[in-house]
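Novice: The structure that follows is given in the form of structure tokens.
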Amino acid sequence: MRRGIKLPTRAPSGAAEKMVPPKQVVLLLRQEVGRSCKPVVKVGDAVKAGQQIADGAESGAADLHASISGEVKAFTEVLLSDGTEEKAIVIEGDGGGGVQPATKISKPLSAEPAELLERIRQAGIICASREAKSLCAVIDEAMSPRGYLNPTGEAIAKPIRHIAVRFCDTDPLVCSLRAVAGQIGKNTTALKLGIDALLKITSAEEVHFALDKTQELAAVEKLADENDIAVHRFDACQYPSFSDPLIAAAVLGKEPEVAYKRIHESGVLVLDIDTVLETAAALKSGTPVTHKTIAAVSSTGIKAVTAPIGTSLEAIAEIAAQGLSPDKVILGGPMQGMAHFTLDFPMSKSTTALTLLRREDHTKAQNDPCICCGLCSEVCPTRLTPGMLSRLCEFKEFAQAEEAHLFSCIECGCCAYVCPAGRSMVQFMVQGKSERLAARRSD
Amino acid sequence: MTEKRFIVSLSPHLRHGRTIRQMILTTMIALIPAVAWGVYQFGFRVLVVIIAAALGAIITEATVNRVGDNPYTIKDFHAALVGLVLALLLPPAVPLWIPFLGGVLAILVGKAPFGPLGSAPLAPALVGVLILALSWPAEIDHYTQPRTAAEAVKADDAAPAEPPLTAVYVDPSDAADYCTSGLFLGNQVGAIGTISPLLLLLGGLLLLWRKVIRWQAPVGFLIGVAVTAGIAHGIAPGSVAPATFHLFTGATMFGAFFLCSEWTSTPVTPWGMFLFGLFAGGVVILFRVCGMPFGRVPWAIVLMSLATPLFDRIASTPFGKAASHA
Ligand code: SF4
Ligand code: SF4
């Protein structure tokens, strides 16, 4: 049975728009979950685009680079959506195009895997998926021979057997990966280099491409053909077909376990196309991540915009929706993104999209009682009974919810999308999970 | 800080926008053809019966809201729908206090004690119908000949109006007298809203198309009725009418699309819904063959509703679980 929900995908209108460098960028020292870098510049220093401004060697964080050329204006604190404050470096642009010269690296793949990984870290590559970890941390976590503690308490270290490259965004209304994929054009050497490097680092055996069924990328398909790369076609409109578990299921030919597990434990590492291309750039010429192609989504249309990291959301909002006055601002797409309370916030490396919704574009959750209509169980991609789970969590029967496979929920939001009672389903699920984990920790 | 603050909430930020009220209104719209057919066949009095039932339900719900100091819930039209469904299950010539009382009881006994919409374990309309059937059987039994009777049903003018199921229960060989297409098109004696399988089917398709109901329970129910009747007819053709007869008489179609798929009282898991329908369909035939004068479909569905929590346990294996157990 086909599950999930049909959402309209609107293809981006044209190629990614290059943004005029803003007057000022604000670069958060913590671009990824849990790790931050130490500044290596002082106020008043002149920096070029691509020059390292903060170092993460100590904590293992990805390095941070200036995204425009100019002068370090100040160190500041930015209020994050979780209420904590985070240090950031403010750079005022000089309007010039000063770029840190690239260092050409011949035979990039001759280095040892550990060195390749270090170069990836120095290039500051972040996987802009929901978890927002650096590529380095993702690979490290997946491969670490120490294993790490997962919620059930056992140490696990499983090899990565497959690398899956996602060419299309999970959120159907977001088009950033599509735009990046569209820019590959005829030249696939970078893609090939990125893949080869990742294969070498992870010693994975197979590579898979996940493409939308309407995506026409002749060169990419040719590359796949020549290199024994399996191409999987999904329907991006059938949300959440591009989510990690569903891609991994197609790759493995069977469904990976999702409860208490991260997808890479099934041996599949799902990476976005932009991450792979950034890897190639880092290894070929030491080019760090300074720009990001993100989708600007609003009721007036969807655009892909390539902007320097640290650009204010306000500037992007102007491109996204001229004259529109939103009442909800979302970092990410409308299905999985995080609502943010202000537009006065810098875009970070883990921003995939900026979605602006007007009052009339979104229906507020109203949390009426569940009427057991069964719409949600029909769409749940993990075949749960979301209505019942939400009721169990609503009435604080968290243990029972866990028994009813609460942890198999991937928080896709399909159930909330269809619920006629307007229940905030994902909130119930997330709350239930965190209560269970907290209870377990205190045991 | 004076800059604009935006709304913050957890994902997803888009919703389909379908509301319970819309779904209830759609159900009412889906019933319009059947109601119109009832009016055509039995005259405008049936509208009064419907209004009496709806009024009974609405007034009771409003009173309960008032007494309980809760927000008024009649705005979602559920009470009105309960009244409508209840009225459609009654014979056309019932005294008017019957539907009104039915509406009152449906809400008072079937819905209000359990809490807001979504809490009642049994469909309120069915509770109302069954209380009426148990308490005032003689008052309920007021069937009239439909307008088209002379053409299609038994051309026996003097006979009192008798629903086909009752006739066949008395004398099984009577089943042969009914023309299947006539039954399907709605030329039969019966309750106000249940006599036209064709129009009910159309209404059901509308509900399926608008995703107000899931297909599993109705399909399971129809299969249950057809297969059970087919088997029983095969074993004892002399005492059981054939499957087509059972599919197109009584409240079979009505039950499939408007009762079996009532949200709260029926399961939500795909297999749960299908088996619910299947068993309910089987029980309907059991009741029809082994005897019960009125309300066989309501009884069967209410009986199955009691087992809804059990059916709900027939859940699919969650994503990735099959692999880990294999
Ligand atoms: S229960 Fe979880 S996995 Fe299922 S639809 Fe809801 S959010 Fe998605
Ligand atoms: S869609 Fe909403 S009302 Fe319907 S069963 Fe699921 S949670 Fe309950």
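Chains as they are written, first to last, in the numbering used here: chain L, 1 to 443; chain E, 1001 to 1326. Beta carbons are placed, not taken as given, at the ideal position from N, Cα and C, and that holds for glycine. Source: prediction; values computed, not measured.
Can residue 1272/E and residue 1225/E be called in contact, C-beta distance under 8 Å?
Specialist: no
Novice: Given a cut-off of 8 Å, decide if residue 132/L and residue 125/L are closer than it, judged by their beta-carbon atoms.
Specialist: no
Novice: Would you say residue 405/L faces chain E, with C-beta separation under 8 Å as the test?
Specialist: yes
Novice: Give me the residue from 1111/E, 1116/E, 1132/E and 1131/E with the minimum Cα distance to residue 1122/E.
Specialist: 1111/E
Novice: Could you tell me whether the region 243 to 258 of chain L touches the region 1311 to 1321 of chain E, using the rule of 3 or more Cβ pairs below 8 Å?
Specialist: yes
Novice: Please write down, chain order preserved, every residue whose beta carbon lies under 7 Å from a heavy atom of ligand 1.
Specialist: 376/L, 379/L, 380/L, 381/L, 382/L, 384/L, 386/L, 389/L, 409/L, 410/L, 411/L, 412/L, 413/L, 414/L, 415/L, 416/L, 425/L, 426/L and 429/L
Novice: Heavy atom of ligand 2 less than 7 Å from the Cβ of residue 373/L, yes or no?
Specialist: yes
Novice: Return the residues of the region 70 to 87 of chain L that lie within a Cβ-Cβ distance of less than 8 Å from chain E, sorted by chain order.
Specialist: Here the close residues are 81.
Novice: With DSSP collapsed to three states, give me the class of residue 304/L.
Specialist: strand
Novice: Taking just the CA atoms, how far does residue 1262/E sit from residue 213/L?
Specialist: Distance from the CA atom of residue 213/L to the CA atom of residue 1262/E, rounded to whole angstroms, is 38 Å.
Novice: Out of 442/L, 205/L and 411/L, state which residue places its alpha-carbon closest to the alpha-carbon of residue 383/L.
Specialist: Answer by Cα proximity: 411/L.
Novice: Which class does residue 209/L belong to by DSSP, given the choice of helix, strand or coil?
Specialist: strand
Novice: Between residue 29/L and the rest of its own chain, which residues show a CB-CB distance below 8 Å, the 5 nearest in sequence each way excluded?
Specialist: 36, 37, 38, 39, 54, 64, 86, 87, 88 and 89
Novice: Given 8 Å as the limit, is there contact between the region 164 to 178 of chain L and the region 342 to 358 of chain L, that is, 3 or more CB pairs closer than that?
Specialist: yes
Novice: How far does the alpha helix (DSSP H) with residue 388/L in it extend, from its first residue to its last?
Specialist: 386 to 394
Novice: May I ask you to report which of helix, strand or coil DSSP gives residue 193/L?
Specialist: helix
Novice: Do residue 1191/E and residue 1084/E come within 8 Å of each other at the CB atom, strictly closer than that value?
Specialist: no
Novice: By the 10 Å Cβ neighbour count, where 16 or more other Cβ atoms means buried, how is residue 52/L classified, buried or exposed?
Specialist: buried
Novice: Once the 5 residues before and after residue 1024/E are set aside, which same chain residues still bring their CB inside 7 Å of it?
Specialist: Apart from sequence neighbours up to five positions away, the residues of its chain that approach residue 1024/E with a beta-carbon distance below 7 Å are 1076, 1077, 1078 and 1081, ordered along the chain.
Novice: Taking the straight line between their C-alpha atoms, what separation do you get for residue 334/L and residue 180/L?
Specialist: 20 Å
Novice: Only counting the same chain, and skipping five residues up and downstream in sequence, which positions put a Cβ closer than 7 Å to that of residue 418/L?
Specialist: 5, 375, 376 and 379
Novice: So is residue 1079/E in contact with chain L if we call contact Cβ pairs under 8 Å?
Specialist: no
Novice: Is there a Cβ from chain L that is less than 8 Å from the Cβ of residue 1279/E?
Specialist: no
Novice: Is it the case that the Cβ atoms of residue 1266/E and residue 1260/E are separated by a distance below 8 Å?
Specialist: Against a cut-off of 8 Å, the Cβ pair of residue 1260/E and residue 1266/E comes out as a contact.
Novice: In angstroms with no decimal places, state the Cα-to-Cα distance between residue 92/L and residue 257/L.
Specialist: 48 Å
Novice: Using a Cβ-Cβ cut-off of less than 9 Å, give me the residues of the region 1294 to 1320 of chain E that come near chain L, in sequence order.
Specialist: 1308, 1312, 1315, 1316, 1317, 1318, 1319 and 1320
Novice: If we count Cβ pairs, one from each stretch, closer than 8 Å, do we get three or more for the region 420 to 438 of chain L versus the region 1014 to 1021 of chain E?
Specialist: yes
Novice: Apart from the five residues just before and just after residue 1028/E, which ones in its own chain have a Cβ nearer than 8 Å to its Cβ?
Specialist: Result list for residue 1028/E: 1077, 1080, 1081 and 1084, in chain order.
Novice: From residue 331/L to residue 208/L, what distance separates their C-alpha atoms?
Specialist: 28 Å
Novice: Does ligand 2 have a heavy atom nearer than 7 Å to the CB of residue 419/L?
Specialist: yes
Novice: Give a yes or no on whether 8 Å exceeds the smallest Cβ distance from residue 335/L to chain E.
Specialist: yes
Novice: Is residue 163/L closer than 8 Å to residue 199/L when the C-beta atoms are compared?
Specialist: yes
Novice: Who are the neighbours of residue 378/L on chain E, taking C-beta pairs under 8 Å?
Specialist: 1214 and 1270
Novice: Name the two residues that bound the continuous beta strand (DSSP E) containing residue 166/L.
Specialist: Bounds of the beta strand (DSSP E) holding residue 166/L are 162 to 166.
Novice: Taking 8 Å as the threshold (C-beta atoms), are residue 1308/E and residue 1250/E in contact?
Specialist: no
Novice: Cβ of residue 166/L within 7 Å of any heavy atom in ligand 2?
Specialist: no
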